[in-house]
Amino acid sequence: MTEQSLSLIDEAALLDVAARLATVVQKTPSTKPLTIYLVGELGAGKTTFSRGFIQAFGHQGKVKSPTYTLVESYDLPLWQIHHFDLYRLADPEELEFMGIRDYFDSQTIILAEWPQRGKGVLPEPDLKIVIDYADEGRAMTLSALTTRGRELLDKL
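Numbering-wise, numbering that gives the first Met the number 0 puts 89 at position 90 of the sequence shown, and it's gapless, one number per residue.
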């Protein structure tokens, strides 16, 4: 497993890392979906990271937290990004009922907050990003869990 640890002094630094990762993803084409797990306490910055990532792909509108809807989808020119927030998920089987497998296409990126609540149903991650509180800022650890994840992290 390849890993990078970063200290982020503020929200702008978090958004910058998200945008840089989005740029690397766009420059590293693949025929397989990309799955990124976002792990951290409430308010740590998972949705902020997702906003920066999605906007770096060219989305102009708001990026809403999918806390109540479970998923918000963004149809972009070359990609489709599905932002999941599984905080309120009672059972992973609920994902099967909502047709989660329909979200996994070749030009798809899955951003999954609280992925442990979808264990066994969500695809295994290419990247796992842990965001923790650290004094006034945040500590971020990016872990590559697949060959594709390592390729992306090496280019970041």
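The C-beta atom is built at its ideal place from N, Cα and C for all residues, glycine as well.
Everything numeric in this text was worked out from a predicted model, so none of it was measured.
Simplified DSSP assignment, three categories, for residue i
i, result
"S49", "helix"
"A143", "strand"
"I109", "strand"
"L14", "helix"
Short Cβ contact (7 angstroms threshold) for residue i with residue j
i, j, result
"A143", "S6", "no"
"P91", "T34", "no"
"L75", "F56", "yes"
Backbone CA spacing between residue i and residue j [nearest angstrom]
i, j, result
"E135", "D9", "7 angstroms"
"T66", "V129", "18 angstroms"
"F48", "T68", "19 angstroms"
Spatially closest choice to residue i from the options, by CA coordinates
i, options, result
"Y73", "T107, D101, G44 and A43", "T107"
"F96", "R87, V120, Q79 and W113", "V120"
Where in the stretch 27-87 do unbroken runs of the beta strand (DSSP E), each at least 3 residues long, occur, reported from the N-terminal end onward?
Taken in chain order, the unbroken stretches of beta strand (DSSP E) that lie wholly in the stretch 27-87 and span 3 residues or more are 33-38, 70-74 and 79-84.
Write down every uninterrupted run of the alpha helix (DSSP H) in the stretch 115-139 whose length is 4 residues or greater and which is fully enclosed by it, in chain order.
Runs of the alpha helix (DSSP H) inside the stretch 115-139: none found.
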